[in-house]
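**Student:**
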Amino acid sequence: MNTVANFDLYAPRLADKEEYFSAGHRACSGCGEALAIRLMCKALGEDTVIVNATGCMEVVSVVYPTTAWNLPWIHVAFPNSASVGAGVEAALKVLRRKGKIADRRIKTVCIGGDGGTFDIGFQALSGAMERGHDLLYVCFDNEAYMNTGIQRSGATPMGASTTTNPAGAASQGKNEWKKNIAEIIASHNVPYVATACHSYPIDFMNKVRKAREIEGPSYIHCLSVCPTGWRVQTEESIKAGRLAVETGVFPLYEIENGKYTMSLMPEKLRPVEDYLKIQGRFRHLTPDYIQRIQKRVNLEYSKLLDKVENLHSWDELEG
Amino acid sequence: MIEIRWHGRGGQGAVTSVETLALAAIGEGRYAQGFPSFGPERRGAPVAAFNRIDDKKIRVRSGIYNPDVVVVLDSSLMGLVNVAEGLKPGGTLIVNTVKSPEEVKKETGFKGTVATVDASKIAREEMGVPITNTTMIGAAVKATGVVKIGSVKEPLKHRFGRIAQKNINAMERAYKELKIAK
Amino acid sequence: MEKAKKWPEKWQELNPGCMVLRPGSAREYHTGTWRSQRPIFDTNRCIKCGVCYIFCPEGCIHQGADGYFSADLDYCKGCGICAHECWPGAITMVEEG
Amino acid sequence: MSKRIGMEIALAAAEAVALCRPDVVAAYPITPNTHIPEHLSDIVAEGRIDTDFICVESEHSALSACCGASGAGARAFTATSSQGLLYMAEIVPIASSMRLPIVMAIGNRALSGPINIWNDHSDIMSQRDSGWISLFAADGQETVDMMIQAFKIAEHRDVMLPVNINLDGFQLTHVVEPMLLPEQKEVDRFLPPYKPYAALHPDNAVSMGSLGMPDIFNEAMQAKDHALIRSKKVILEVWKEWEQLFGRKYEPIGAYRMNGAEVALLTLGSMGDTAEVAVDEMRSKGVKVGLLKLKLWRPFPTEELIKAVKGLTSLAVIDRAVSFGGANAPVAAEIKAALYDQKERPLITNYIIGLGGRDVVVDDFVKMVEKTIDARKKKPKEAYEIYGVRGS
């Protein structure tokens with residue numbers, strides 16, 4: 009569990025030196041999502057096909073006639089990275105079986121933002137997970153439609169101000185709690201689901217490696233700080249991610265064959281306010297509203313710990 | 028070209044009748060169409076299905092409004108549907124019923140050829156179910172001579188596999204037991 | 189916008205489907221021009237841990253033969269994450285120009 | 010030797026696709042195309058082809074999965090109808106822009122509403138400008154042949170475009186009729202295994218589906234248009250080869266009894282067969298009438314059209330879709346545009362028939378020809394007419 013605490017010392021040695029997501033991409037300065045992609049690729053290695061939903065990462069990485077990708081990469085549209093990935097996976101499987109391509113395993117990895125995962129791409133994702141394709145889906149969740157200018161999504165947290173539910177005299181921003189997508193995907197009987205954040209790079213890369221080895225569907229939910237949309241200082245992207253974890257707003261955990269494990273469990277959670285106050289999108293919140301969020305965070309965290317304590321893996325249940 | 032309209036109820040397999048008869052004609056090296064009335068009707072509803080059979084390529088793809096032959100799979104339809112509607116005056120009406128052709132003539136007022144057979148009884152005896160779609164093919168073939176009775180066996184075997192023989196037996200009995208009044 | 193080296197002048201020069209057949213060619217686009225501040229690395233304070241390297245969203249910080257790290261200013265956008273995360277305090281951001 | 014089969018046309022279409030040994034099929038059920046993927050899944054289940062059949066959760070995903078599969082170098086097939094085509098519409102122009110040689114059967118059906126499962130051409134017409142090659146089959150045989158031809162056309166290195174084959178819903182999909190089904194050996198000889206221009210594989214890390222900025226977009230669209238226009242050459246070559254191998258002739262515009270014709274009907278899809286019978290009837294009464302059957306809708310065969318209408322005084326263009334509020338229905342609008350620059354061109358009437366499965370009989374075509382002949386004396390008030398509509 010404490011790999012996370014002192015990982016920094018070993019970071020460069022534990023990461024693949026190769027940059028599969030090369031410099032020259034046009035993500036915003038301080039983009040947590042670009043960092044997360046870079047780390048994910050290091051963990052995946054070269055025998056990978058990336059399937060990208062429309063969104064920031066697609067727009068900034070492949071502007072014709074150049075590409076930031078050193079991996080085979082395809083983008084078709086916004087709602088369909090999981091179904092494009094299903095086609096890629098099926099093709100690689102069949103072509104390998106028929107001897108039309110080299111006989112080695114190539115992992116299909118679908119990536120999408122929270123809009124492409126929680127909202128418009130949800131049906132395709134659910135279908136792909138249910139069908140059991142051998143693919144890893146990684147959601148880079150920056151909690152709004154950042155590519156189009158910070159509009160509310162199903163992933164936007166309660167209290168955040170976005171351009172389509174702005175805070176104002178009659179509004180405290182989004183008034184609904186965020187959809188628990190990891191839980192929903194786990195309900196598809198997916199053998200490996202994990203949450204991660206770029207602020208914990210070794211943990212994230214380990215999870216990607218683990219998911220890569222699963223022969224079947226797997227899902228990683230990576231909180232990705234967007235300094236532009238969250239209105240945080242660019243140098244504070246890593247800090248913001250860390251605070252999300254340390255306050256319990258975004259706990260890091262794994263669900264392996266139904267068994268929940270915390271990846272990092274702070275001895276005492278920091279107050280949610282610590283996380284909210286460095287972000288402009290929460291600046292308008294009243295103390296009462298912050299307390300409301302605090303209560304909900306506490307509840308969600310307790311629910312998670314309850315699962316960690318009480319739920320058994322499918323293997324155990326089978327006896 | 029001969030045009031046939033089949034009346035049945037959804038679930039009684041009129042589509043199988045038209046498909047089988049079309050395949051029998053095609054098997055003879057001739058040309059045929061078999062198609063359902065493309066409605067949303069479900070099990071139980073009165074439905075129709077159609078055949079065209081010819082010695083040369085069939086080009087007409089419209090519905091059939093003035094058939095040469097009408098086949099009725101279920102006599103309970105007689106009071107509900109005007110089965111003789113559009114039937115050519117010199118055409119043939121073939122009905123699954125216990126009644127005689129003469130009685131049907133009187134009931135329907137149709138002046139052309141009428142043929143009847145108790146296909147439900149045959150189907151029950153030969154196959155254990157009162158599904159008359161294959162049985163009535165025997166009646167239609169006998170009354171019209173549109174294909175050779177032997178030509179129907181192959182498509183039935185293909186369609187029904189293990190239970191094909193029962194269907195063939197029922198069809199052949201209807202072929203033999205059909206009563207015709209010109 | 190800075191143009192890439194192999195900029196197609198005519199439509200006939202486009203790849204079918206606008207496929208990009210040169211992996212990693214985004215390096216031809218120098219994002220260093222976006223920067224308003226740059227990281228300065230103090231080798232006296234650096235402990236060669238590599239936190240700066242691992243957290244760089246551009247992947248533009250590299251370890252030299254001597255074990256010390258430096259940023260490739262062709263790509264560094266000056267976000268300041270490296271300086272913020274460098275816990276020995278070996279990196280400082282200074283204004284460009 | 011081809012085998013003469015009697016079969017529902019949708020099933021025969023599936024048999025033809027199976028002969029092409031597709032690697033991936035992804036489809037979602039919608040009437041009336043459904044029997045095609047159903048039967049393909051039967052063929053896969055029987056182990057007759059080595060194909061991954063993906064039961065996707067929507068048409069959007071069906072075409073998306075085909076894009077992924079095709080991008081990875083697989084031969085990919087899908088089929089749909091009506092709202093299904095519209096549901097996948099977001100992906101339709103992307104597939105052609107990405108130059109992915111996917112083949113799609115469309116069992117043509119009316120667009121809702123009111124919801125209607127029967128035939129017309131409003132579904133494909135809505136995707137007219139998507140950059141796909143678009144073929145129309147007139148009968149079962151053409152359906153079978155076009156399925157096989159489509160893969161060869163699509164995958165040709167000078168084409169690399171998706172192809173849709175349109176077969177009228179119910180009017181073709183659900184009709185049992187005789188067809189000649191080529192042998193596997195013959196198809197293998199005709200259609201070599203698919204060799205992609207580029208495929209998603211780490212050995213050659215291509216990026217597909219890039220962002221095109223305004224300073225590249227005109228050029229990208231020009232390249233796409235050029236590819237589609239140029240594909241006609243390949244289509245004609247493939248049809249010539251098909252004729253040599255199988256003896257069945259295919260032309261962008263088929264001509265029936267056009268010798269000495271003064272007036273002609275122009276049809277799309279299965280109504281051509283019925284129209285032939287009408288032409289025979291009228292010819293026997295001395296009417297100098299002929300029939301043009303448009304088989305290649307995109308790329309539009311302008312050159313062939315100009316030749317085909319030479320000498321005609323009138324042309325009745327029969328559409329099966331409405332371009333609401335437009336100058337003409339889709340086919341007529343196209344034909345008028347194509348002929349506008351010609352010094353001599355026929356008078357053109359435009360009838361829209363068979364909407365949502367409304368039956369069209371031989372006599373309807375006779376009447377439309379008569380109206381077209383009359384139109385020379387008295388020009389109709391409207392540029393198009395929904396023929397047989399009650400209350401007008």
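Sequence lines, in order, name chains A, B, C and D.
Here the numbering used here = 1-based position in the first sequence + 8.
Here the numbering used here = 1-based position in the second sequence + 27.
Here the numbering used here = 1-based position in the third sequence + 188.
Here the numbering used here = 1-based position in the fourth sequence + 9.
From the three backbone atoms N, C-alpha and C, an ideal C-beta is built for every residue, glycine too.
1. Just to make sure I have the definition right: I need the residues of chain B whose C-beta is within less than 7 Å of the C-beta of residue 132 of chain D. Which are they?
2. When you compare only the Cα positions, how much space is there between residue 191 of chain C and residue 214 of chain C?
3. Are the stretch 226-241 of chain D and the stretch 169-179 of chain D in contact at 8 Å, needing three or more beta carbon pairs?
4. At a Cβ cut of 8 Å, what residues of the stretch 60-77 of chain B count as close to chain D, listed as they run along the chain?
5. For residue 151 of chain A, return the contacting residues in chain C, with the cut-off set at a CB-CB distance below 8 Å.
6. Indicate the three-state DSSP secondary structure (helix, strand or coil) for residue 267 of chain C in the structure shown.
7. Taking all protein chains shown into account, decide if residue 13 of chain A is buried (16 or more other Cβ within 10 angstroms of its Cβ) or exposed.
8. Give, in chain order, every residue of the stretch 37-51 of chain B whose Cβ lies closer than 8 Å to some Cβ of chain D.
9. Below 8 Å on C-beta distance, what does residue 222 of chain C contact in chain A?
10. Measuring only between beta-carbons, confirm whether residue 253 of chain D sits less than 9 Å from chain C.
11. State the start and end residues of the unbroken alpha helix (DSSP H) segment that holds residue 52 of chain D.
12. Closer than 9 Å, CB to CB, is residue 125 of chain A near chain D or not?
13. In the structure shown, what three-state DSSP assignment does residue 384 of chain D receive?
14. Can you confirm whether residue 244 of chain C, when its beta carbon is compared against all beta carbons of chain A, has any partner nearer than 9 Å?
15. Counting only C-beta atoms, is residue 209 of chain D closer than 9 Å to chain A at any point?
16. Select from D:332, D:73, D:354 and D:264 the residue whose C-alpha is nearest the C-alpha of residue 98 of chain D.
17. By DSSP, does residue 87 of chain D sit in helix, in strand, or in coil?
18. Quick one: does residue 11 of chain A have its CB under 9 Å from some CB of chain C?
19. Per DSSP, what kind of secondary structure is residue 34 of chain D in: helix, strand or coil?
20. List the whole-angstrom C-beta distance separating residue 339 of chain D from residue 304 of chain D, where the pair is believed to meet the contact cut-off of C-beta under 8 Å.
21. Between the alpha carbons of residue 85 of chain B and residue 28 of chain B, how many angstroms are there, rounded?
22. Take residue 130 of chain D as the anchor and find which of D:157, D:179, D:100 and D:83 has the nearest alpha-carbon.
23. Taking Cβ positions, are residue 324 of chain D and residue 276 of chain D nearer each other than 9 Å?
24. For residue 67 of chain D, collect the residues of the same chain with a Cβ closer than 7 Å to its Cβ; drop the 5 residues on either side in sequence, then sort them by chain order.
25. Under a three-way DSSP split, which group does residue 87 of chain B fall into?
26. At 8 Å on the CB atoms, spell out the chain A contacts of residue 219 of chain C, in chain order.
27. Using alpha carbons as the reference points, say which of D:217, D:213, D:165 and D:186 lies closest to residue 152 of chain D.
28. Under a CB-based cut-off of 9 Å, is residue 195 of chain C close to chain A?
29. How many whole angstroms separate the CB atoms of residue 31 of chain D and residue 86 of chain D, which I take to be in contact at a CB cut-off of 8 Å?
30. Rounded to whole angstroms, what is the Cα-Cα separation between residue 205 of chain C and residue 247 of chain C?
31. To which residues of the same chain is residue 234 of chain A closer than 6 Å at the C-beta, ignoring the five residues directly before and after it?
32. Go through its chain and collect everything with a Cβ distance to residue 103 of chain B's Cβ below 6 Å, but skip five positions before and after it.
33. At what residues does the beta strand (DSSP E) containing residue 207 of chain B begin and finish?
34. Just to confirm before moving on: does the CB-CB distance between residue 145 of chain D and residue 189 of chain D stay below 9 Å?
35. Using a Cβ-Cβ distance cut-off of 9 Å, determine whether residue 208 of chain C contacts chain A.
36. Going by beta carbon distance, what residues of the same chain come within less than 7 Å of residue 256 of chain A, once the five residues before and after it are set aside?
**Tutor:** Walking through what the data contain:
1. Result: empty, since nearest Cβ-Cβ is about 16 Å, beyond 7 Å.
2. Any answer about residue 191 of chain C is weak, because its pLDDT of 46 lies below 50 and its placement is not dependable; what the coordinates show is given next. Roughly 11 Å between the two C-alpha positions.
3. yes
4. 60, 61, 62, 63, 65 and 67
5. Within 8 Å Cβ-Cβ: nothing; residue 151 of chain A doesn't reach chain C, min ~17 Å.
6. coil
7. Low local confidence applies: a pLDDT of 48 at residue 13 of chain A is under 50, so the model's placement there is unreliable, and no value is given.
8. 45, 46, 49 and 50
9. 37
10. no
11. 44-54
12. no
13. coil
14. yes
15. yes
16. D:73
17. strand
18. Annotation note: pLDDT 42 at residue 11 of chain A (below 50); position unreliable, coordinate value reported separately. For residue 11 of chain A, the answer is no, since every Cβ of chain C falls outside 9 Å of its Cβ.
19. strand
20. Going by Cβ atoms, the distance from residue 339 of chain D to residue 304 of chain D rounds to 16 Å, so no, they are not a contact pair.
21. 8 Å
22. D:179
23. no
24. 37 and 96
25. coil
26. 31, 32, 33 and 34
27. D:186
28. yes
29. 5 Å
30. 29 Å
31. 150 and 154
32. none
33. 206-208
34. no
35. yes
36. 277, 305 and 309
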